[in-house]
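Have a look at the structure below before the remarks.
Numbering (the numbering used here), first residue to last: 756 to 903.
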């Protein structure tokens with residue numbers, strides 16, 4: 756857990772301080788906080804990668820700017836609050852991190868939130884896949900010159 760960035764560690768600790776039912780409520784709160792897509796991406800669904808492991812239609816796009824800072828954009832339907840909550844946790848927890856910091860996030864981070872009894876294993880795997888695809892896109896964007 757030592758490679759868990761501060762924001763993700765704080766979110767994890769927030770979940771672990773709560774009872775099971777309160778954790779689910781917090782996840783729902785996160786689902787309401789998933790940021791809208793920036794205007795420049797709203798009309799470009801072709802840029803987004805589908806996270807096929809998620810039961811809901813979830814799509815993500817990663818930018819790595821010139822300072823190697825990662826920007827994660829995710830869409831998930833409002834009628835899938837668990838999935839939106841997971842997406843929101845990652846968007847908020849990875850915000851402002853460098854590519855190296857994102858790549859160092861432990862792959863098992865979703866399992867550390869204490870939600871294994873509150874949500875299905877399939878949903879947890881979906882969050883793991885979301886994290887994995889974000890890391891994969893970071894790796895690709897780093898190795899591809901901007902504008903290529």
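Ideal placement from N, C-alpha and C gives every residue a C-beta, glycine not left out. In this text, all values refer to a predicted model and were calculated from it rather than measured experimentally.
Tell me which residues share the same chain as residue i and place their Cβ nearer than 6 Å to its Cβ, disregarding the 5 neighbours each side in the sequence.
i, result
"residue 881", "808, 809"
"residue 766", "844, 848"
"residue 789", "839, 842, 843"
"residue 785", "840, 843, 844"
Which residues mark the beginning and the end of the beta strand (DSSP E) in which residue i is found?
i, result
"residue 813", "First-last for residue 813: undefined, no H or E at that position."
"residue 828", "825 to 830"
What whole-angstrom Cβ distance do residue i and residue j have, given they're in contact under 8 Å?
i, j, result
"residue 860", "residue 793", "The pair is not a contact, with the Cβ atoms about 23 Å apart (cut-off 8 Å)."
"residue 852", "residue 825", "6 Å"
"residue 886", "residue 770", "About 16 Å separates the two Cβ atoms, so there is no contact after all."
"residue 890", "residue 858", "6 Å"
"residue 783", "residue 870", "Contact flag wrong, Cβ pair sits at about 12 Å."
Starting from residue i, follow the alpha helix (DSSP H) in both directions and report where the run begins and ends.
i, result
"residue 891", "876 to 898"
"residue 771", "761 to 771"
"residue 796", "794 to 797"
"residue 782", "775 to 787"
"residue 852", "Run containing residue 852: none; DSSP gives neither H nor E here."
Could you check if residue i is buried or exposed, using at least 16 other CB atoms within 10 Å of its CB as the buried criterion?
i, result
"residue 856", "buried"
"residue 835", "buried"
"residue 898", "exposed"
"residue 833", "exposed"
"residue 797", "exposed"
"residue 795", "exposed"
"residue 903", "With a pLDDT of 49 at residue 903, under the threshold of 50, the modelled position of this residue cannot be trusted, and the question is left open."
Is residue i helix, strand or coil when you go by DSSP?
i, result
"residue 845", "helix"
"residue 804", "strand"
"residue 871", "coil"
"residue 818", "strand"
"residue 839", "helix"
Within a Cβ cutoff of 7 Å, which residues of the same chain sit near residue i, ignoring the five residues on either side of it in sequence?
i, result
"residue 874", "837"
"residue 831", "789, 811, 813, 838, 839, 842"
"residue 854", "819, 823, 825, 893, 897"
"residue 911", "Because the chain here runs from 756 to 903, residue 911 falls outside it and cannot be looked at."
"residue 883", "862, 865"
Give every residue of the same chain whose Cβ lies closer than 8 Å to the Cβ of residue i, excluding the five residues on either side of it in the sequence, and list them in chain order.
i, result
"residue 892", "804, 815, 816, 817"
"residue 877", "810"
"residue 888", "804, 806, 815"
Sorry if obvious, but does the Cβ on residue i come closer than 7 Å to a heavy atom of the ligand FAD?
i, result
"residue 759", "Although the ligand FAD was asked about, the structure shown includes no ligands whatsoever."
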